[in-house]
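Q: So the sequence lines, in the order shown, correspond to chains A and B. Under our numbering, the first residue of the first sequence carries the number 1, and numbering increases by one thereafter. Under our numbering, the first residue of the second sequence carries the number 333, and numbering increases by one thereafter. Where is the CB? At the ideal position from N, CA and C, for every residue including glycine.
2 protein chains.
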Amino acid sequence: MNGLSIEITSYGKAELLSFKEQIIDESLAADEVVVDVHYSGINFADIVMRLGMYQDAPPKPFVPGYEVSGVVSRVGVGVTRFKVGDKVMAGTRFGGYSSVVKLPEWQVLPLPENFSLAEGAATPVNYITAHIALHEFARIRKGDRVLIDCATGGVGVFCLQMCQAAGAEVIGLTSSENKKEFIESYGAKAMTHEEFWKSDEKDFYFILNSTGGKTLKLLYNRLTKSGQLLCIGLQQAITQGKSSPFSIVKALLQTPWYPILKLMMGSKSVGGFNALKFFDDEVWMKKILVKLEQSEIRPHVDKAFSSRDIVQAHKYLESKKAKGKVLISWRE
Amino acid sequence: MNGLSIEITSYGKAELLSFKEQIIDESLAADEVVVDVHYSGINFADIVMRLGMYQDAPPKPFVPGYEVSGVVSRVGVGVTRFKVGDKVMAGTRFGGYSSVVKLPEWQVLPLPENFSLAEGAATPVNYITAHIALHEFARIRKGDRVLIDCATGGVGVFCLQMCQAAGAEVIGLTSSENKKEFIESYGAKAMTHEEFWKSDEKDFYFILNSTGGKTLKLLYNRLTKSGQLLCIGLQQAITQGKSSPFSIVKALLQTPWYPILKLMMGSKSVGGFNALKFFDDEVWMKKILVKLEQSEIRPHVDKAFSSRDIVQAHKYLESKKAKGKVLISWRE
Numbered sequence: 001m002n003g004l005s006i007e008i009t010s011y012g013k014a015e016l017l018s019f020k021e022q023i024i025d026e027s028l029a030a031d032e033v034v035v036d037v038h039y040s041g042i043n044f045a046d047i048v049m050r051l052g053m054y055q056d057a058p059p060k061p062f063v064p065g066y067e068v069s070g071v072v073s074r075v076g077v078g079v080t081r082f083k084v085g086d087k088v089m090a091g092t093r094f095g096g097y098s099s100v101v102k103l104p105e106w107q108v109l110p111l112p113e114n115f116s117l118a119e120g121a122a123t124p125v126n127y128i129t130a131h132i133a134l135h136e137f138a139r140i141r142k143g144d145r146v147l148i149d150c151a152t153g154g155v156g157v158f159c160l161q162m163c164q165a166a167g168a169e170v171i172g173l174t175s176s177e178n179k180k181e182f183i184e185s186y187g188a189k190a191m192t193h194e195e196f197w198k199s200d201e202k203d204f205y206f207i208l209n210s211t212g213g214k215t216l217k218l219l220y221n222r223l224t225k226s227g228q229l230l231c232i233g234l235q236q237a238i239t240q241g242k243s244s245p246f247s248i249v250k251a252l253l254q255t256p257w258y259p260i261l262k263l264m265m266g267s268k269s270v271g272g273f274n275a276l277k278f279f280d281d282e283v284w285m286k287k288i289l290v291k292l293e294q295s296e297i298r299p300h301v302d303k304a305f306s307s308r309d310i311v312q313a314h315k316y317l318e319s320k321k322a323k324g325k326v327l328i329s330w331r332e
Numbered sequence: 333m334n335g336l337s338i339e340i341t342s343y344g345k346a347e348l349l350s351f352k353e354q355i356i357d358e359s360l361a362a363d364e365v366v367v368d369v370h371y372s373g374i375n376f377a378d379i380v381m382r383l384g385m386y387q388d389a390p391p392k393p394f395v396p397g398y399e400v401s402g403v404v405s406r407v408g409v410g411v412t413r414f415k416v417g418d419k420v421m422a423g424t425r426f427g428g429y430s431s432v433v434k435l436p437e438w439q440v441l442p443l444p445e446n447f448s449l450a451e452g453a454a455t456p457v458n459y460i461t462a463h464i465a466l467h468e469f470a471r472i473r474k475g476d477r478v479l480i481d482c483a484t485g486g487v488g489v490f491c492l493q494m495c496q497a498a499g500a501e502v503i504g505l506t507s508s509e510n511k512k513e514f515i516e517s518y519g520a521k522a523m524t525h526e527e528f529w530k531s532d533e534k535d536f537y538f539i540l541n542s543t544g545g546k547t548l549k550l551l552y553n554r555l556t557k558s559g560q561l562l563c564i565g566l567q568q569a570i571t572q573g574k575s576s577p578f579s580i581v582k583a584l585l586q587t588p589w590y591p592i593l594k595l596m597m598g599s600k601s602v603g604g605f606n607a608l609k610f611f612d613d614e615v616w617m618k619k620i621l622v623k624l625e626q627s628e629i630r631p632h633v634d635k636a637f638s639s640r641d642i643v644q645a646h647k648y649l650e651s652k653k654a655k656g657k658v659l660i661s662w663r664e
């Protein structure tokens, strides 16, 4: 039972990613499922790991990757929800850049009806991130004014749909004029960042930010009383797949500290999270994955690159030109 | 139309509070209501003001006080919801330590059925504070684990009831063993602060704190992932009705600053608010007061002091011995 994996052996540019033959132990625990992977999702965190900046990554060499989709090829004797041949999607905790994975049953989900396998691999991480942000931190309600600062990314696409389903009034921001129509297709108001900063749009109950840095200070001022600013990434530290000590220090220095007193005077809250921390937590994951099975939202796949083109795939995500999700395809 | 007011003319100890004859202009705008005050609520913020530490207080001399109850004695020609003789409660924006007040109609509420006038004066500020904390910031849901660090105060009593109504699982803290039964009477688990810190009770979705200072750091560690720590006061800066530059500086230094990065790694949020800021905002107030009219919760009045005994009343609140609300009575 062998396959192929993509590994981080040295930190740095995308060209340093390397392939290795994957040898999976033939033994199978009672609750384990083997999935022949069709697609692996690429996340911004993978790039942070590749640059050696991800605190919680294993020591190199290691295989990154947090999500896959594919077809079940073996099941342990205690597995009840799946049989060989079932189409599935799964959250992995590293190791997702592989053509075959072995996972405990609880991490695996049936592919929703009408989902393509590509859509399956585009779902777990972004869905969980969007769900935790909007339904655990913000707990959005009908009529809430929401600002999604990263509206065209994989998380943003889910956020727009969740806001629409909840009846929230949402503005989605994008860096490029020609992505506005994409945002509007989810029932949201679209603005470029430039237009937004010139406008007086404010009084948001919830603002989701993934860039960190000095933008946070400005966004804070656009919150309403009792509003929350939530940061889920520090993409400002990374530009075009590079990070320098300078860009990191700059992003960190510009990422504000909040004294409780300031929050009290402004009647606001600030928070942050790393969805990947929730992947470790079986109790949380089970709860969220049930919600995913019940939900009707759908990812947007921008592009699937053949696994051979992993370098181009990483560079494309870094360029921030993608709308929605970028994938690795193993079956081309 | 004259009355009596209690004024802050010099900052400092309770003995410096002074009475003055109150002369209210006979003119009445179309939307105004005159209330003969029976009870005025005392809040911790009044003590902060008396000490000269309240940023948003008017220049002295001024009359403090944020809430009253009483009987309507005059109404403007445009007033539709009240007539002379109606029992009411009202939020005031300063000026509540008075035996008669003139207010715009929207700030006045009918006294809920079965409420005594004393209970009416114990309601507006604490209800609004508890409501904003639990239903706007936290947005508590059934099953949430909640910690109320100030469970026996006026706000705490409302919080316990709101948690009970929402089906949240709540622990209320108190400084004194003999107040535990009081907390338990609201369906909550009661612990002394000492017992709590020795226990491993943690994983709270929401923690409400009113002391500020170093406790915040410790409470932060008891939050669950996606949990929120909310601070609504810095009572640590004030002990027994005194504040010194030392106690203030100490409280401020011990009140932590939160870097966004730390929040991201911990997957948590922190916030603060000052309910009195919401009193200025007619849109907010109208929305919340409707909720109050529909709610079934009830304040707990610890004691009403005759207005003549205002010094003792302030000292009693400062002693932190009260369970629930402390009032000024004008009709004894």
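(1) Measuring CB atoms only, is the region 116-135 of chain A touching the region 211-225 of chain A, in the sense that at least three cross pairs come out at less than 8 Å?
(2) Inspect the beta-carbon positions of PRO391 (chain B) and GLU339 (chain B) and report whether they are closer than 9 Å.
(3) Establish whether the CB of GLU468 (chain B) and some CB of chain A are separated by less than 9 Å.
(4) For ILE297 (chain A), count neighbouring C-beta atoms within 10 Å of its own C-beta (all shown protein chains included) and say buried if the count is 16 or more, exposed if not.
(5) Is there a Cβ of chain B sitting closer than 9 Å to that of LYS87 (chain A), yes or no?
(6) Which residues in chain B have a C-beta closer than 9 Å to the C-beta of THR255 (chain A)? List them in chain order.
(7) Mark SER359 (chain B) as exposed unless 16 or more other C-beta atoms lie within 10 angstroms of its C-beta, in which case mark it buried.
(8) Under the three-state reduction of DSSP, which class applies to ASP378 (chain B): helix, strand or coil?
(9) Tell me the DSSP bridge mates of TYR205 (chain A)?
(10) With DSSP run on the structure shown, which of helix, strand or coil describes ASN510 (chain B)?
(11) Please confirm if MET385 (chain B) has its CB atom under 9 Å from at least one CB of chain A.
(12) When you compare the CB positions of LEU435 (chain B) and VAL365 (chain B), do they come within less than 9 Å of one another, or not?
(13) Do you know how far the Cα of LEU449 (chain B) is from the Cα of GLU293 (chain A)?
(14) What are the residues of the region 260-291 of chain A that lie near chain B, defined by any Cβ-Cβ distance shorter than 9 Å?
(15) Measure from the C-beta of SER295 (chain A) to each C-beta in chain B and report whether the shortest distance is under 9 Å.
(16) Are three or more beta carbon pairs between the region 272-281 of chain A and the region 297-308 of chain A nearer than 8 Å?
(17) Within 10 Å of its beta-carbon, does ASP25 (chain A) have 16 or more other beta-carbons around it, so buried, or fewer, so exposed?
(18) Using DSSP with H/G/I as helix, E/B as strand and the rest coil, what is GLN55 (chain A)?
(19) Alpha carbons only, please: which of B:GLY384, B:VAL489, B:TYR371 is nearest the one belonging to LEU349 (chain B)?
(20) Less than 9 Å between CB atoms is the rule here; does GLY544 (chain B) satisfy it with respect to chain A?
(21) So for LYS325 (chain A), helix, strand or coil by DSSP?
(22) Using the Cβ count rule (16 or more neighbours within 10 Å means buried), how would you classify THR211 (chain A)?
(23) Please compile the residues from chain A whose C-beta is within a distance smaller than 8 Å of the C-beta of LEU562 (chain B).
(24) How many whole angstroms separate the CB atoms of ALA346 (chain B) and VAL643 (chain B), which I take to be in contact at a CB cut-off of 8 Å?
(25) Chain A beta carbons: is any one of them nearer than 9 Å to that of LYS557 (chain B)?
(26) Find the residues of chain B that neighbour LEU216 (chain A), judging by a C-beta separation of less than 8 Å, and give them in chain order.
(27) Based on DSSP bridge pairs, tell me the residues matched to GLY172 (chain A).
(28) For ALA522 (chain B), which residues of its own chain have a beta-carbon under 6 Å away from its beta-carbon, when the five flanking residues on both sides are left out?
(29) Taking Cβ positions only, does ILE460 (chain B) come closer than 9 Å to chain A?
(30) Could you tell me which residues DSSP puts in a beta bridge with GLU399 (chain B)?
(31) Give me the Cα-Cα distance between ALA138 (chain A) and ALA130 (chain A), rounded to the nearest whole angstrom.
(32) If we require 4 or more residues per run, which alpha helix (DSSP H) segments fall completely within the region 265-313 of chain A?
(33) Quick one: grab the DSSP three-state call for TYR11 (chain A).
(34) Please work out which residues of its chain come closer than 6 Å, Cβ to Cβ, to LYS268 (chain A), disregarding the five sequence neighbours upstream and downstream, and give them in chain order.
(35) Under 7 Å Cβ to Cβ from GLY488 (chain B), same chain only, skipping five residues before and after it: list those, please.
(36) Could you round the C-beta distance between VAL403 (chain B) and ASP368 (chain B) to whole angstroms and report it? I think they count as a contact, below 8 Å.
A: Short version:
(1) Of all C-beta pairs linking the region 116-135 of chain A to the region 211-225 of chain A, fewer than three are shorter than 8 Å, placing the two stretches out of contact.
(2) GLU339 (chain B) sits away from PRO391 (chain B), with the two beta carbons spaced by 9 Å or more.
(3) It does: the Cβ of GLU468 (chain B) has a partner Cβ on chain A nearer than 9 Å.
(4) Residue environment analysis places ILE297 (chain A) among the buried positions, since at least 16 neighbouring C-beta atoms fall within 10 angstroms of its C-beta.
(5) False, the Cβ-Cβ gap to chain B never drops below 9 Å.
(6) Neighbours of THR255 (chain A) on chain B, chain order: PRO591, ILE592, LEU593.
(7) Exposed is the call here.
(8) ASP378 (chain B) carries a helical assignment under DSSP once its states are collapsed to helix, strand and coil.
(9) Paired residue(s): none; TYR205 (chain A) is not in a bridge.
(10) DSSP, read as helix, strand or coil, puts ASN510 (chain B) in helix.
(11) So, not an interface residue.
(12) For LEU435 (chain B) and VAL365 (chain B), yes; Cβs fall inside 9 Å.
(13) Roughly 52 Å separates the two Cα atoms.
(14) Listed in sequence order: ILE260, LEU261, LYS262, LEU263, MET264, MET265, GLY266, SER267, LYS268, SER269, VAL270, GLY271, GLY272, PHE273, ASN274, ALA275, LYS277, PHE278, ASP281, TRP284.
(15) With its beta carbon at least 9 Å from every one in chain B, SER295 (chain A) lies outside the interface.
(16) Not touching, per the Cβ criterion.
(17) Answer is exposed; the Cβ neighbour count stays below 16.
(18) Three-state result, GLN55 (chain A): coil.
(19) Selected option, being the one with the closest Cα: B:GLY384.
(20) Among the residues facing chain A, GLY544 (chain B) is included, as its CB has a counterpart in that chain under 9 Å away.
(21) Looking at LYS325 (chain A) - three-state DSSP - the assignment turns out to be strand.
(22) Label assigned to THR211 (chain A): buried.
(23) Scanning chain A for C-beta atoms nearer than 8 Å to the C-beta of LEU562 (chain B) yields SER269, reported in chain order.
(24) With a Cβ gap of about 5 Å, ALA346 (chain B) and VAL643 (chain B) count as contacting.
(25) Chain A places a beta carbon closer than 9 Å to that of LYS557 (chain B), counting this residue as a contact.
(26) Contact note: LEU216 (chain A) reaches chain B through ILE592, using a C-beta cutoff of 8 Å and chain order.
(27) For GLY172 (chain A), which the question treats as bridged, DSSP gives the partners A:ILE148, A:ALA190.
(28) Listed in chain order, the non-local C-beta contacts of ALA522 (chain B) below 6 Å within the same chain comprise GLY504, LYS512, ILE515, GLU516, local neighbours out to five positions each way being set aside.
(29) No, ILE460 (chain B) lies away from the interface with chain A (no Cβ there is under 9 Å from its Cβ).
(30) GLU399 (chain B) is bridged to B:GLY423.
(31) ALA130 (chain A) has its alpha-carbon roughly 10 Å from the corresponding atom of ALA138 (chain A).
(32) For the region 265-313 of chain A, whole alpha helix (DSSP H) runs of length 4 or above, ordered along the chain, are 275-278, 282-294.
(33) The answer is coil: DSSP assigns TYR11 (chain A) none of H, G, I, E or B.
(34) Cβ within range, chain order: LEU223, GLY227.
(35) Hits under 7 Å: ILE480, CYS482, GLY504.
(36) Right, the Cβ-Cβ distance comes to about 5 Å (below 8 Å), so this counts as a contact.
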